[in-house]
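Working notes for the structure below.
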Amino acid sequence: MLAKVLHTIHKYNMLSPGERVLVGISGGPDSVALLHVLKRLEKDMGIEVYAAHVHHGIRGTVADRDAEFVAQLCQQWNVPLFVERVDVPRLADEWGLTLEEAGRIVRYRFFDKVLQDIRGHKVALGHNRDDQAETILHHILRGTGMQGLQGIKPVRQNKFIRPLIEVSRAEIEEYCHQNGLEFRVDATNQDVAYTRNRIRHELIPYIKRHFNPNIVDALVRMGAIIRDEEEFLQDYCQKEYDKLVRAFSQNKLRIDLDEFLARPIAVRRRVLRMALKSIGGTLDEIGANHVEDILDMALNSTTGAMLTLPNDIKALKDYDNLVVWRGEFRPSVPPFEYSLDVPGSVIIKECGIEVIVQRVQHKEVSFSSPWRAYIDGDVINGKLRVRNRRQGDRFKPFGMEGTKKLKEYFIDRKVPRHERDGIPLVVDEKNIIWVVGWQIHDDYKVTPRTHNIVKLEARRI
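full-length UniProt numbering numbers the first residue of the sequence shown as 1 and each following residue consecutively.
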């Protein structure tokens with residue numbers, strides 16, 4: 001198994017000498033085997049291995065024992081461990097999310113924080129070959145397009161890596177047995193009340209017996225082929241998304257219908273899915289049928305038509321716009337202002353947005369989302385803050401030589417008046433640096449000569 005994992009790491013260029021990798025460890029067989037493998041490869045690959053464990057506050061004393069087991073294991077293997085204890089049920093209730101959604105946000109937020117603290121480069125996760133097949137089959141049963149058929153990406157955002165993605169669950173368990181590795185067993189993984197567990201314990205074994213004994217190989221192979229084609233199509237549609245979709249406050253996006261409907265149907269599907277993921281954080285509950293219903297409404301319904309989707313997402317045809325949002329939309333936002341450290345983050349509760357600041361290298365810069373901006377950190381004047389608009393605000397949009405009133409900027413981009421107060425502004429002591437979801441100030445742009453790159457990112461919560 002060690003050789004197979006090493007092949008996967010090289011195949012997808014997951015790790016390079018000198019990088020620090022953070023392993024997400026639950027205590028189960030997959031994550032324990034992953035940590036053991038990377039620790040064995042540490043010296044030969046010239047990497048540094050760290051571990052992170054999240055106690056979700058869900059399974060009581062069982063979760064306590066999981067945390068204790070992970071701590072003892074990391075101490076035994078001399079792996080620096082970071083632990084976060086979070087009341088996920090409370091956060092899920094506050095954020096209006098499911099336990100799974102809230103848990104995922106908590107985990108990835110913690111991974112990002114630890115990665116910053118250790119000046120790390122990658123987060124290694126323990127998904128395996130069987131997980132890949134189950135994920136693809138789950139997507140097929142729910143109804144999906146090409147994005148769902150590709151399954152789990154071996155590398156995501158050039159940061160999250162899955163070295164075990166080509167290793168079967170049986171191989172992992174055999175590896176643990178051969179190396180005398182103990183691990184924790186999550187009893188909920190056997191509960192067939194959950195769809196994914198029914199797929200694992202009932203559906204796939206049935207398909208193997210009656211239809212195709214190599215169904216896992218077939219699904220994984222299909223996913224790999226589609227993933228290659230999807231990469232090209234995604235890059236193209238991201239450019240289309242940036243042209244068509246405008247982001248506003250309070251989990252709301254607006255799509256220009258004239259331009260949108262002029263695109264091929266394949267592009268429309270992808271742009272719409274990207275918009276739904278942006279406001280919902282996940283597409284786990286959004287099937288192909290939901291996407292087709294919205295597309296049909298956009299093309300054939302009269303203004304005022306509205307659809308309600310899972311995850312409290314709504315879609316509205318509003319004259320020449322398609323509007324999608326999550327939760328309750330409040331037409332007015334009170335004045336707000338928050339301090340923002342570099343690096344650091346702040347939650348803007350009035351808008352339902354978290355703003356994150358990080359220092360990055362040139363190779364990490366990716367202009368792929370209106371929710372992400374990069375600025376020259378050496379140009380920042382004093383402290384950063386996040387606030388909404390004020391009377392007299394002026395702004396120098398990217399690519400312009402002079403400033404203009406922020407009010408005129410919003411008018412030029414047809415931002416409705418009632419939405420302008422809800423658009424966060426990242427500012428320093430002198431200027432508006434970033435109109436979140438729109439543009440940066442031209443004087444703060446990154447050039448090849450920039451040495452101190454600061455990444456600004458906004459995420460829905």
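No residue lacks a Cβ here, since even glycine has one placed at the ideal position from N, Cα and C.
Original post:
Given I353, which residues of its chain have a CB within under 8 Å of its CB, disregarding the five upstream and five downstream residues?
Top reply: S249, I347, P424, V436, A458, R459, R460, I461
**OP:** Starting from S345, trace the beta strand (DSSP E) both ways and give me its first and last residue.
**Re:** 344 to 348
Original post:
In terms of residues, what are the limits of the beta strand (DSSP E) holding W325?
Top reply: 321 to 326
**OP:** Return the CA-CA distance between L15 and A3, expressed in angstroms with no decimal places.
**Re:** 15 Å
Original post:
On the three-state DSSP scale, how would you describe M274?
Top reply: helix
Original post:
Which partner residues does G24 have in the DSSP bridge list?
Top reply: A52
Subject >> Backbone CA spacing between H139 and R227 [nearest angstrom] >> reply: 14 Å
Subject >> Which of helix, strand or coil DSSP assigns to D318 >> reply: strand
Original post:
Which one of K243, L253, R389, I286 has the shortest CA to CA distance from S368?
Top reply: K243
Original post:
Which same chain residues, not among the five before or five after D341, have their C-beta less than 6 Å away from its C-beta?
Top reply: none
**OP:** Identify every residue that forms a DSSP beta bridge with residue 508.
**Re:** This structure cannot settle anything about residue 508, because the visible part of the chain is limited to 1 through 461.
Subject >> Cβ neighbour criterion (16 or more within 10 Å) applied to G46 >> reply: exposed
Original post:
With 16 other CB atoms within 10 Å as the buried threshold, where does D315 fall?
Top reply: Residue identity differs from the one stated: residue 315 is Ala in this sequence, not Asp. It is buried - the Cβ of A315 has at least 16 other Cβ atoms within 10 Å.
Subject >> Close-in-space but distant-in-sequence residues of the same chain around I356 (CB under 6 Å, 5 per side omitted) >> reply: S345, E457
**OP:** Using 7 Å as the cut-off, classify the Cβ of S345 as near or not near the heavy atoms of the ligand MG, replying yes or no.
**Re:** The ligand MG is absent from the structure shown, which contains no ligand whatsoever.
Original post:
In whole angstroms, what is the alpha-carbon distance linking M306 and F160?
Top reply: 37 Å
**OP:** On the DSSP bridge assignment, give the partners of R374 in chain order.
**Re:** According to the sequence displayed, residue 374 carries Tyr and not Arg. Paired residue(s): K455.
Original post:
Between F110 and the rest of its own chain, which residues show a CB-CB distance below 7 Å, the 5 nearest in sequence each way excluded?
Top reply: A52, V54, E84
Subject >> Of the listed residues D186, L97, V245, G143, nearest to S31 (C-alpha basis) >> reply: D186
Subject >> Residue span of the beta strand (DSSP E) that contains E285, given as start and end >> reply: No beta strand (DSSP E) holds E285; DSSP gives it neither H nor E.
**OP:** Please name the residue in V23, I453, H441, T303 whose C-alpha comes closest to that of Y108.
**Re:** V23
**OP:** Taking all protein chains shown into account, decide if M400 is buried (16 or more other Cβ within 10 angstroms of its Cβ) or exposed.
**Re:** exposed
Subject >> Residues bridged to F69 (per DSSP) >> reply: F69 pairs with nothing; no bridge assigned.
Original post:
Looking at the C-beta of K4, does it have a partner C-beta in chain B at a distance below 8 Å?
Top reply: Within the model displayed, chain B is absent; a lone protein chain is all it includes.
Subject >> Touch test, the stretch 149 to 167 against the stretch 86 to 96, Cβ-Cβ under 8 Å, three pairs minimum >> reply: no
Original post:
Taking C-alpha atoms, which residue in R263, A247, E229 lies nearest to M146?
Top reply: E229
Original post:
Below 8 Å, can you find three or more Cβ-Cβ pairs linking the stretch 59 to 79 to the stretch 287 to 299?
Top reply: no
Original post:
Between the stretch 165 to 173 and the stretch 128 to 144, do at least 3 Cβ pairs fall closer than 8 Å?
Top reply: yes
**OP:** In the DSSP assignment, find the beta strand (DSSP E) that holds D256 and state where it starts and stops.
**Re:** 252 to 256
**OP:** Leaving aside the five residues before and after E19 along the sequence, list all residues of the same chain whose C-beta is less than 7 Å from its C-beta, in chain order.
**Re:** I47, H121, K122
Original post:
Taking the Cβ atom as the reference point for each residue, do Y374 and I453 lie within a distance shorter than 8 Å?
Top reply: yes
Original post:
Where does P319 land, buried or exposed, given buried means 16+ other C-beta within 10 angstroms?
Top reply: One detail in the question is off: residue 319 reads as Tyr in this sequence, not Pro. The residue in question, Y319, is exposed, as its Cβ has fewer than 16 Cβ neighbours within 10 Å.
Subject >> Close beta carbons around L240, own chain, < 6 Å, minus the five adjacent residues each side >> reply: Position check: residue 240 holds Glu in this sequence, whereas Leu was assumed. Around E240: V267, V271.
Original post:
Do you know how far the Cα of A33 is from the Cα of R413?
Top reply: 52 Å
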